[in-house]
Every structure is written in C-alpha cells, then in structure tokens.
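Structure record follows, encoded as structure tokens.
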Amino acid sequence: VTFATDITLRGTPDDYFVFQIHGFLAVGAGIRIRLEAEDVGRGAPQARNIVWQVFEYVSVAGYAHIEGTFLSKAATTFGGGATCVCRLYPQTALTLTSNTIGNPPPAPPMPPSPPPSPPNPPPSPPP
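Using the numbering used here, read the sequence shown as starting at 97 and increasing by one per residue.
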C-alpha cells in the first residue's frame, strides 16, 4: 500500500483503528496521517488507539508524518526529517535518519470504583 496523498482518520478519542496490510506500507515524501475530530467538542482520535499491522516492511519518506503503533514483519525505515507520534515494532531493523519520534500519551486513569453497597439488613423477626 502506498500513501501518495494525506490520510485523515476522523473519529473521537474513544475510537480504535486497526489496519492489516498484507504487503508493504510506503508513506510518500511530505505525506501526513492526520487525526481529526468527528465532533468538535469531543476531540480527535488518539495515536495510542491506532494499530498498523504490516506483513512486510514500512517505509516513511522524508518529511512525512505518521501516527499509531506500527508492527512490521520486516524493517521500518524513516527518511530524513520524517516525524511520528508512534510506537515502532519492526521484527528485523529500524533505520532512523534525523527524525523526531514522539511517544503517544498514556491512556487517562480509570475513575475510581464506587464503594460497595452496604449489605441488606436481616429481616425483622415476625411479631
């Protein structure tokens, strides 16, 4: 799969995107993967919720920008000036050339569980 134009993933912070590519992924020079809010008040999808499973190699050309977690069967290569908010897990090699790699922010903490309900009182004895 080759991205020759910008890609926009539109959704909310709670949405997940999973892509399985049964070949290579090549992102062209200057191409951007953008995260856009579906509803302005809720926010955009999060890089930590995007997974790219690539069965061959990943190639990101110079000055491109990608987001998500990338799992590749072979090497992952970044051209000069390429950036990402991502996690990279190639099975063979990772080649970086003057790149900026940012880690996706962690998920917000879970809210505390409510306290348990008090037990039901025993039934009253009959009069």
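Cβ atoms here follow ideal geometry from the backbone N, Cα and C, with glycine treated the same way.
Computed from a prediction, not measured in an experiment: that's the story for all the values here.
Based on the DSSP output, what are the partners of residue i in its beta bridges?
| i | result |
| --- | --- |
| histidine 48 | Outside the shown range of the chain, which is 97 to 223, sits residue 48, and nothing can be said about it. |
| phenylalanine 166 | Trp148 and Leu184 |
| valine 114 | Val147 |
| threonine 191 | Thr173 |
Hey, quick one: how far does the beta strand (DSSP E) through residue i stretch, first residue to last?
| i | result |
| --- | --- |
| alanine 122 | 121 to 123 |
| glycine 198 | 196 to 198 |
| serine 155 | 154 to 156 |
| leucine 105 | 103 to 107 |
| valine 136 | No beta strand (DSSP E) holds valine 136; DSSP gives it neither H nor E. |
Mind checking if residue i is an interface residue toward chain C, Cβ cutoff 9 Å exclusive?
| i | result |
| --- | --- |
| threonine 188 | In the structure shown, chain C cannot be found, because there is only a single protein chain. |
Can you tell me whether residue i sits near the ligand ATP, meaning its C-beta is under 8 Å from at least one heavy atom of the ligand?
| i | result |
| --- | --- |
| glycine 124 | Judged by which ligands are present, the structure shown has none, so any question about the ligand ATP falls away. |
Buried or exposed, going by whether 16 or more other CB atoms sit within 10 Å of the CB of residue i?
| i | result |
| --- | --- |
| glycine 126 | exposed |
| glycine 198 | exposed |
| serine 213 | exposed |
| glycine 107 | buried |
| alanine 203 | exposed |
| valine 156 | buried |
| isoleucine 129 | buried |
| tyrosine 112 | exposed |
| valine 65 | Only positions 97 to 223 of the chain appear in this structure, which leaves residue 65 out of reach. |
| valine 81 | There is simply no residue 81 to check, as the chain begins at 97 and stops at 223 in what is shown. |
| alanine 178 | buried |
Inter-stretch contact at 8 Å, needing at least 3 Cβ pairs: the segment 154 to 166 / the segment 214 to 221: Cβ pair count under 8 Å is below three, so no.
Contact between the segment 104 to 116 and the segment 147 to 155 (3+ Cβ pairs under 8 Å): A contact is defined here as three or more CB-CB pairs under 8 Å, and the segment 104 to 116 meets this definition with respect to the segment 147 to 155.
contact_flag[the segment 166 to 174, the segment 133 to 143] where n(CB pairs < 8 Å) is 3 or more: The answer is no - the segment 133 to 143 does not touch the segment 166 to 174, with fewer than three Cβ pairs under 8 Å.
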